[in-house]
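Note that my numbering gives residue 106 to position 105 of the sequence shown, counting from 1, and the numbers run on in steps of one. C-beta atoms are modelled at their ideal positions from N, C-alpha and C, and glycine is treated no differently. The structure displayed is predicted, hence computed values, not measured ones. Only one structure is covered here, and it is reproduced in the block below.
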Amino acid sequence: MSARPYQICTNCIMDTSDPSIVFDERGWCDYCNNFESAIQPYWHPDQKGEDALKLLADKIRQEGKGKDFDCIIGLSGGLDSSYVAYVVKEKMGLRPLLFHVDAGWNTDQAVGNIEKLVDGLGLDLYTEVINWEEMKDLQVAFLRSQIPDQDLPQDAAFFSSLYQFARKYKIKTIITGSNFSTECCREPEEWGGYLGIDKLLFKDIHSRFGKHPLETFPLVDILMSKIFYQRIIGMKVAMPLNMVPFIKKDAEDELERRFGWQGFQHKHHESRFTRFYEDYWLPRKFGFQKRRAHFSSLISTGQMSREQALERISHPEMDEHFLQQEFEYVANKLDLTVNELQEIFDGENKTYRDYRNKRWLIGLGTNVLRWLGLEKRFFR
Ligand SMILES: [Zn+2]
2 MSARPYQICT NCIMDTSDPS IVFDERGWCD YCNNFESAIQ PYWHPDQKGE
52 DALKLLADKI RQEGKGKDFD CIIGLSGGLD SSYVAYVVKE KMGLRPLLFH
102 VDAGWNTDQA VGNIEKLVDG LGLDLYTEVI NWEEMKDLQV AFLRSQIPDQ
152 DLPQDAAFFS SLYQFARKYK IKTIITGSNF STECCREPEE WGGYLGIDKL
202 LFKDIHSRFG KHPLETFPLV DILMSKIFYQ RIIGMKVAMP LNMVPFIKKD
252 AEDELERRFG WQGFQHKHHE SRFTRFYEDY WLPRKFGFQK RRAHFSSLIS
302 TGQMSREQAL ERISHPEMDE HFLQQEFEYV ANKLDLTVNE LQEIFDGENK
352 TYRDYRNKRW LIGLGTNVLR WLGLEKRFFR
């Protein structure tokens, strides 16, 4: 790779650690320009959004008639999914089923938050527990593959279980906490943000490095979820957080006041693995800071100053002693010795291109969605 001179956006804090980033003559990056031209004009967390929210609620209620639930919400215990559960119940007046996937890495705080929300909102919760032997084997296989996308096994477990469950119980609407407010700057694909669940990639990595057959692990390919689930059997994914004011700090305070819900130090910290991956593995092994994208989203949406973001990103989110403890915890939990995990950490980095994949096909599909106006966020 040719050495590119270092450059950082003059508006947010995205920089050339994203190898495909492009800057304009103002020094603004393409994420900021995309926000300005493709997100902001179409985003209405105001009266217009409230009207749209009402229409959406009526439509979902209509489809849920005669069924036990109107819709299903994947709940991690983190802010976005917790807040959307609150909006769906209290502001939309719907009857959602809360669906949680236990892939073995819940923090106590996430579990506590889920319990508090379930009690406080008076909703039903279904918890799907992933077979730990399979989960562990798949995660170790991914670590050994040396690609940056180490959260794919958890993502696959969460999304696939949700789709399979919704299909089985004929629930037509899946509600997600995806939102522009805290996620408008999408984490670049190169930073371990592979575009979706690619069965081909999973199978190849697992066949090379896995030891235990995956008999029950849920794996719904992204093309299957986009084509079969969404186009053929008509399942819909709704993102109501884009229709209401959703300011991170206010939402945290509201959940805390109403339910005793507790905020996390940072996005994605509800999973002990994700916290370790994003605060240790990815920055130290690959040089990628997902926080850079998270903070940039907050800058674009006026929730953080660029100075605050630069200060926060200048040091790890968790202290060194804590991170070393987590390294040991992760190794033990995955049945690796600390030395074995260290050896993997020290190994040569690779990318998904070193394995069989159908990235081109997923990219084509994503671009079609963009052309149709169904995806506003930025994909290169
Ligand atoms: Zn920018």
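With DSSP run on the structure shown, which of helix, strand or coil describes I40? helix
Assigned secondary structure, D103 (DSSP; H/G/I helix, E/B strand, else coil): strand
Nearest-residue set for ligand 1, Cβ under 7 Å from any heavy atom: C10, N12, C13, M15, W29, C30, Y32, C33 and S297
Report yes or no: do the segment 199-212 and the segment 136-154 share at least 3 C-beta pairs separated by less than 8 Å? yes
I need the DSSP call for S83, collapsed to helix, strand or coil. helix
Boundaries of the beta strand (DSSP E) in which H125 is found, first to last residue: The sequence given here has Asp at residue 125, not His. Counting along the chain, the beta strand (DSSP E) containing D125 begins and ends at D125 to V130.
Identify which residue in Y87, A158 and V112 has its Cα closest to the Cα of G123. Y87
Alpha carbon to alpha carbon, how far is I115 from G78? 5 Å
C-alpha distance - Y187 paired with Y32, whole-angstrom precision: Tyr is not the amino acid found at residue 187; the sequence shown has Arg there. About 8 Å.
Among all the DSSP beta bridges, which residues are the ones paired with V238? I175
Per DSSP, G75 forms a beta bridge with which residues? F100
Can you tell me the Cα-Cα spacing of K55 and M93, whole angstroms? 7 Å
Would you kindly report the start and end of the unbroken alpha helix (DSSP H) that includes F328? E321 to K334
Please look up how many angstroms separate the CB atoms of L126 and L99, rounded, as I've assumed it's under 8 Å. 5 Å
For I14, count neighbouring Cβ atoms within 10 angstroms of its own Cβ and tell me buried if that reaches 16, exposed if not. buried
Please state the DSSP three-state secondary structure of D199. coil
Compare the Cα-Cα distances from H45 to each of R273, D109 and M244 and report the closest residue. M244
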